[in-house]
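J.: Numbering of the sequence shown is given in full-length UniProt numbering, commencing with residue 1 and proceeding in unit increments.
Beta carbons: idealized from backbone N, C-alpha and C, even for Gly.
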Amino acid sequence: MEENHLQTSILSKYKYGLYLPKKHFRVIADPPEAEELLVAAATFARPRVFDREGSSHRSYELVRFANLLNTTVVGGLDKLLSHFVKEHQPDDLMTYADLEWSSGRSYRKLGFEPHEDIPPQEFWVEITTMERFYPHRLPEGILGESGQEQRFVKIKNAGSRKFVKNF
């Protein structure tokens, strides 16, 4: 995830991957010296369990999905979601689309419904490393009067859209 997802990796409870066996490496420009290659990955958070109409409801979150850089895995997200659902039997699955990069069309094709829009967020970026810092997590004393004196730039994103798929 660190190298193949726009938002880098994040801690997640459940991790799933699709692997390309060595016999199919002919489709890759520079194949690795390995028996298989991770070409797609999805991570999921622990379930949030709550009471809904008198019964227990388990809601999971798809936290990250990424293909190998410069690679498209047709049906990859669908395969990973199907396997996760088979193993964990969630009541619903939610995820978010960053509106800077996506409208969430892929989620709609997989049966997710738009639930709500999250307003744009403000954060700071350290311009040499491109590391993001949200205002509540900025290291103390790191910003000068304008913020840019210390190589930080204030940015506001386009927001995100929450999607939910019920089972």
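(1) Less than 7 angstroms between C-beta atoms, sequence neighbours within five positions excluded: which residues of the same chain meet that for residue 160?
(2) Can you pull the DSSP bridge partners for residue 133?
(3) According to DSSP, is residue 84 part of a helix, a strand, or is it coil?
(4) Count the C-beta pairs between the segment 61 to 76 and the segment 37 to 53 that are closer than 8 angstroms, then say yes if the count reaches three, no if not.
(5) Which one or two residues does DSSP pair with residue 57 in a beta bridge?
(6) Can you find the residues in the same chain that come closer than 7 angstroms, C-beta to C-beta, to residue 78, ignoring five residues on each side of it along the sequence?
(7) Would the segment 55 to 66 count as touching the segment 88 to 95 if we require 3 or more Cβ pairs under 8 angstroms?
(8) Assign residue 78 to one of three DSSP states: helix, strand, or coil.
(9) What residues in its chain sit with their C-beta under 8 angstroms from that of residue 147, if we drop five residues either side in the sequence?
(10) Classify residue 42: buried if its beta carbon has 16 or more other beta carbons within 10 angstroms, exposed otherwise.
(11) Less than 8 angstroms separating the beta-carbons of residue 122 and residue 135?
(12) Expressed to the nearest angstrom, what Euclidean distance is found between the alpha-carbon atoms of residue 11 and residue 17?
(13) Alpha carbons only, please: which of 133, 158 and 28 is nearest the one belonging to residue 73?
(14) In the DSSP assignment, what are the bridge partners of residue 172?
(15) Taking residue 85 as the reference, which of 25, 15, 102 and 131 has the closest Cα?
T.: Taking the coordinates as given:
(1) 96, 97, 98, 99 and 118
(2) Looking at the DSSP assignment, residue 133 forms a beta bridge with 124.
(3) Here residue 84 sits in helix by DSSP.
(4) yes
(5) Answer is 50, bridged to residue 57.
(6) 110
(7) The segment 55 to 66 is in contact with the segment 88 to 95.
(8) helix
(9) Model confidence at residue 147 stands at a pLDDT of 49, short of 50, so the residue's coordinates are unreliable; what they give is reported in the following sentence. Once the five neighbours on either side are set aside, the close Cβ partners of residue 147 are 124, 153 and 154.
(10) buried
(11) yes
(12) Those two C-alpha atoms are separated by around 15 angstroms.
(13) Residue 73 has its Cα closest to that of 28, out of 133, 158 and 28.
(14) There is no way to answer for residue 172, as the model of the chain reaches only from 1 to 167.
(15) 15
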